[in-house]
Ligand SMILES: *[C@@H]1O[C@H](CO)[C@@H](O)[C@H](O)[C@H]1NC(C)=O
Ligand SMILES: *[C@@H]1O[C@H](CO)[C@@H](O)[C@H](O)[C@H]1NC(C)=O
Ligand SMILES: *[C@@H]1O[C@H](CO)[C@@H](O)[C@H](O)[C@H]1NC(C)=O
Ligand SMILES: *[C@@H]1O[C@H](CO)[C@@H](O)[C@H](O)[C@H]1NC(C)=O
């Protein structure tokens, strides 16, 4: 020991005094410790290192009296004791014991204040540390410039986020442009609105308010938990005064329509969604069917009619704007795909993103999600007005707080551009939403150049500045048109009424695949220019609805997962004509083959059959003068397969007069919605290994035999374009397909040169061939496209292509690029334990329907 110390001293001196940089460490051969030494006890550092049997390396960074010391590992290996024991730490422990017993008598022991062994640890890289806003963009500076004296303004991070400046609604520059929502009215269809609040009384619109629960003129909150509508209203129109915070459109008006504080009939719900609809521009709806991961419900006939009435006749014909929260049930595996309100083409569906820009675990994903807006998560909630004269809420959140933030932005936009139609509002979302978390596995490129889509984030975060800048010189879209495909009945599948069925194809391994073609003639005949939404209606019989997965693949290889697995959904009713919606195909050319795949979990107990499906394509008119208004068919809500081609003699009266209780927006909002950390790494539908739609065989069959006149399947003769898919069986055909595919692929690439850019992913057929395994998405896409073009497209000349481009289609999609190499898009990972424990137990088929009163309990918890 003495010898060693004498050797170390010069080293120590050298480092402590002269070293300009730390000594190299040898962690493989030495153990390192940090020793805190107190020289005032009289014991020198050398006494201490003697006692511990270590050598001094250097001072520990800039910490005075802290020393990095070390001992060779071989010394320890010679120790007769077991590996876990560390002689240095043992010596330290002995010294400490002495310290407590006889402190005075042992200055060495007293001088060792602290010793710890240094372990190598890999620190996780973080996102670059947030950079604070420039001084002129702090909440204080903005408040000064705009004369904002609301005491909580500085805590309203969704308005000015000083910690993460890139994450806010980004509206303050819009205010500075002089816009604050003047003249715009939003209606809070909710649980009441406290019009006596200091924050809201000046912006309250009594004329357009009503209480449909108690049938009174004013939407007075009466139940103890009737604070939700008031909080949401505050986000939109809390006044610029001295109460709480401020609304996004603080000079706009809010009306309150109370429907959530008790059961409500369809007729009243319908009336609520049209209440004051000439003067009200936007309906803020933060409710829907229960977010329990097992219900599948949508609006009834009357309610659908009211919504169509709203978009057709509301706001002087420009259309009411319906904003719906996506739902808070993601932790229960819920998806807004199973909610007929969020699934509606007429609603702007809004999910949540937290103050760090992460996905909050409650926020539901689906193919109908349009945007995200800021709400609770990762330790922050929304600060807004509360029920009471001068009460403030600081724990508001969930997707139902995201929706009003979107409403506030739309109110600002409508002040700037009152002529925007309901569809312009959606187009502007599609085009201006800001992509967040670009590395999130959910993002996929879509047909529109440079745009991406995520089931979690829709087209991205709504950014008031980008939105309104774009709105200012936006050219209003042409009227809406649509066309239905015929219904494909698979192997004679019929469902004369719910739960009664026959025919259909058994869903075996690999699922059931069916394809239908859309021709240029169909598009032209229907005066159809640019695609916006698509609907897919399916009839599926199944012993466990939550096992069923549905995905759709467009002619250009863009995939929409329409139904992911839902562990908690044990319903035995299957899908009796359920309508899905996707916005992911916005701007795509609909011509070509659309392929659906229905699969299940292959469980022994639960199985089912795919009976039939159809599609509706919605978009803008070529010739506005020929456009007509959509009317909800009387049988639109029916379950019958094949659907009636003409309305049945009389509508079912029972459906029209039903009464239901909508779940409170907070009913399934987890209690920790504000605190729980968000994420940006989890794919919504992971594990895509066996879910690639096999397209070669069905699409060859389908699109090589179009009937000249109809251009698509006449109901029965061609409907067997579906087949179960097995790897082996397809193999031989695939070999042929590869050859043919390569040939057409080459031709296509040559043709594509006429386009400005060819997405890199389009070169993928080669890698698919190398891979030698069916299931490589990109390769099957290429085969698919190649076969698709065998039919008619191959004859198109360049002039056609140019016309198509001019018509507004983003024809060649970079979908393959977007989805390539992603570990998964198609299945929900089974969620273990916690979040499902509530859903476990009594799972009856009827659990889909909301049970009266259940929300009361839940929301008193929330
Ligand atoms: C927010 O608004 C500013 C203009 O004030 C704009 O430059 C910026 O791009 C917008 N978006 C973000 C994320 O800051
Ligand atoms: C709607 O606005 C018009 C004028 O803008 C006004 O005359 C009418 O009274 C308003 N109606 C309601 C219900 O507020
Ligand atoms: C994301 O994935 C991790 C690990 O797979 C899991 O622990 C976490 O709960 C997931 N988060 C969400 C929001 O699903
Ligand atoms: C499908 O499920 C039913 C009910 O569990 C069962 O009786 C039947 O044998 C299953 N069919 C097949 C082909 O697995």
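Numbering (the working numbering), first residue to last: 27 to 888.
C-beta atoms are modelled at their ideal positions from N, C-alpha and C, and glycine is treated no differently.
Option in the options with minimal Cα separation from residue i
i: residue 326; options: 288, 365, 115, 320; result: 365
i: residue 520; options: 570, 505, 483, 668; result: 668
i: residue 605; options: 136, 263, 577, 85; result: 577
i: residue 622; options: 696, 630, 533; result: 533
i: residue 450; options: 372, 376, 284; result: 372
i: residue 263; options: 251, 213, 298, 249; result: 213
i: residue 223; options: 549, 233, 238, 267; result: 267
i: residue 594; options: 285, 318, 97; result: 318
i: residue 232; options: 280, 200, 478, 583; result: 280
i: residue 563; options: 85, 54, 250, 636; result: 636
i: residue 206; options: 89, 425, 278, 247; result: 278
i: residue 555; options: 598, 322, 616, 230; result: 616
i: residue 607; options: 471, 585, 446, 490; result: 585
i: residue 112; options: 84, 87, 79; result: 79
i: residue 953; options: 285, 572, 257; result: Any property of residue 953 remains undetermined from this structure, which presents the chain solely from 27 to 888.
i: residue 361; options: 657, 699, 383, 315; result: 315
i: residue 240; options: 210, 284, 685; result: 284
i: residue 650; options: 583, 523, 506, 598; result: 506
i: residue 463; options: 452, 479, 455; result: 479
CB-CB length for residue i against residue j, believed under 8 Å
i: residue 423; j: residue 694; result: So it is not a contact: roughly 13 Å between Cβ atoms.
i: residue 195; j: residue 431; result: 6 Å
i: residue 482; j: residue 407; result: Contact flag wrong, Cβ pair sits at about 20 Å.
i: residue 511; j: residue 396; result: Not quite, the Cβ-Cβ distance comes to about 24 Å (not below 8 Å), so this is no contact.
i: residue 255; j: residue 273; result: Not quite, the Cβ-Cβ distance comes to about 14 Å (not below 8 Å), so this is no contact.
i: residue 357; j: residue 429; result: No, residue 357 and residue 429 are not in contact; Cβ-Cβ is about 19 Å, not under 8 Å.
i: residue 265; j: residue 276; result: 6 Å
i: residue 425; j: residue 376; result: 7 Å
i: residue 114; j: residue 74; result: No, residue 114 and residue 74 are not in contact; Cβ-Cβ is about 12 Å, not under 8 Å.
i: residue 393; j: residue 587; result: 6 Å
Alpha-carbon to alpha-carbon, residue j and residue i
i: residue 420; j: residue 411; result: 9 Å
i: residue 675; j: residue 619; result: Any reading at residue 675 needs caution, since the residue's pLDDT is 41, under 50, leaving its predicted position unreliable; the model's value is listed next. So the alpha carbons of these two residues sit roughly 35 Å apart.
i: residue 509; j: residue 269; result: 51 Å
i: residue 565; j: residue 630; result: 22 Å
i: residue 295; j: residue 535; result: 43 Å
i: residue 600; j: residue 226; result: 46 Å
i: residue 538; j: residue 624; result: 5 Å
i: residue 346; j: residue 215; result: 13 Å
i: residue 251; j: residue 176; result: 25 Å
i: residue 48; j: residue 96; result: 14 Å
i: residue 161; j: residue 168; result: 10 Å
i: residue 337; j: residue 445; result: 14 Å
i: residue 385; j: residue 71; result: 53 Å
i: residue 300; j: residue 403; result: 33 Å
i: residue 710; j: residue 391; result: 7 Å
i: residue 82; j: residue 477; result: 59 Å
i: residue 551; j: residue 645; result: 14 Å
i: residue 492; j: residue 500; result: 12 Å
i: residue 665; j: residue 603; result: 5 Å
i: residue 712; j: residue 589; result: 13 Å
i: residue 526; j: residue 502; result: 46 Å
i: residue 344; j: residue 447; result: 5 Å
i: residue 55; j: residue 465; result: 39 Å
i: residue 790; j: residue 433; result: Legend: pLDDT at residue 790 = 29, less than 50; position of this residue unreliable, value from coordinates given subsequently. For residue 790 and residue 433, the distance between alpha carbons rounds to 42 Å.
Per DSSP, the bridge partner or partners of residue i
i: residue 585; result: 579
i: residue 57; result: 97
i: residue 639; result: 514, 564
i: residue 521; result: 667
i: residue 247; result: According to DSSP, residue 247 bridges with nothing at all.
i: residue 365; result: 323
i: residue 348; result: 309, 373
i: residue 236; result: 283
Sequence ranges, alpha helix (DSSP H) only - wholly within the stretch 413-447, length at least 4: 425-442
Within the stretch 279-323, ranges of the alpha helix (DSSP H) (whole runs, at least 4 residues): 292-298
Residue ranges of each alpha helix (DSSP H) within the stretch 474-507, 4 or longer: 490-498
Runs of alpha helix (DSSP H) wholly within the stretch 161-221 (minimum 4 residues, chain order): 165-172, 198-202
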